[in-house]
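Residue numbers (our numbering): 1 to 144.
Backbone N, C-alpha and C fix where the C-beta goes; we use that ideal spot for every residue, glycine too.
Remember, it's a predicted structure, so these values are computed and weren't measured experimentally.
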Ligand SMILES: [Zn+2]
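What follows is the structure in structure tokens.
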């Protein structure tokens, strides 16, 4: 079974705009979904580990500062009202990753309605790879 997070980490799948942030344990980039919510970033662990509870102490310690910096940079870069950060391990072989989801102005207040917009090509906040790459560069420049 292939793991998309491993494919991104190994460079077999290149997110639009390339890597935004990378260290020994984590890599942050724009999402690679065919339907893009503008500014939807994904942080993947470099190690193939299925559950957040199985992270090493070093992986977990590195996670907090990246979450704070990534959320701040994203909020600044796209002018988001809020940035949601979550981990949803649905597929059996897809390893630990965190979604950074901007709530753009005019989006519904309910977070679950924002998540519905992530996979909708009818959403006014959808974008293609070119715009996603531009957002990635803006987030890179806004990194605190
Ligand atoms: Zn993996």
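Under the three-state DSSP convention, the category residue i falls into
i           : result
residue 3   : coil
residue 111 : helix
residue 56  : coil
residue 69  : helix
residue 45  : strand
residue 10  : coil
residue 36  : strand
residue 122 : coil
residue 28  : strand
For residue j and residue i, believed in contact at Cβ under 8 Å, the rounded distance
i           : j          : result
residue 63  : residue 3  : 19 Å between Cβ atoms; not a contact.
residue 43  : residue 70 : 7 Å
residue 127 : residue 14 : That pair is no contact at about 17 Å.
residue 51  : residue 89 : 7 Å
residue 102 : residue 83 : 6 Å
Beta-carbon proximity list for residue i, same chain, < 8 Å, skipping 5 on both sides
i          : result
residue 48 : 3, 5, 6, 95
residue 26 : 43, 44, 45, 46, 59, 62, 63, 66
Own chain partners of residue i with C-beta closer than 7 Å, once the 5 adjacent residues on each side are dropped
i          : result
residue 23 : 62
residue 72 : 144
Same chain, Cβ closer than 6 Å to residue i, five either side skipped, listed in chain order
i           : result
residue 20  : 28, 29, 136, 139, 140
residue 133 : 16, 17
Q: Any chance you could list the residues with Cβ under 6 Å from a heavy atom of ligand 1, keeping chain order?
A: The answer, residue by residue, is 3, 5, 6, 48, 95.
Q: Tell me, please, whether the segment 65-76 touches the segment 98-111 by the rule of three or more beta-carbon pairs shorter than 8 Å.
A: With three or more CB-CB distances shorter than 8 Å, the segment 65-76 counts as touching the segment 98-111.
Q: Decide if the segment 75-84 is in contact with the segment 51-63; the criterion is three or more beta carbon pairs, one per stretch, under 8 Å apart.
A: A contact between stretches requires three or more CB pairs, one per stretch, nearer than 8 Å, and the segment 75-84 fails this requirement with the segment 51-63.
(Q) Closer than 8 Å is the cut-off here; do at least three beta carbon pairs connect the segment 103-117 with the segment 129-143? (A) No, the segment 103-117 is not in contact with the segment 129-143.
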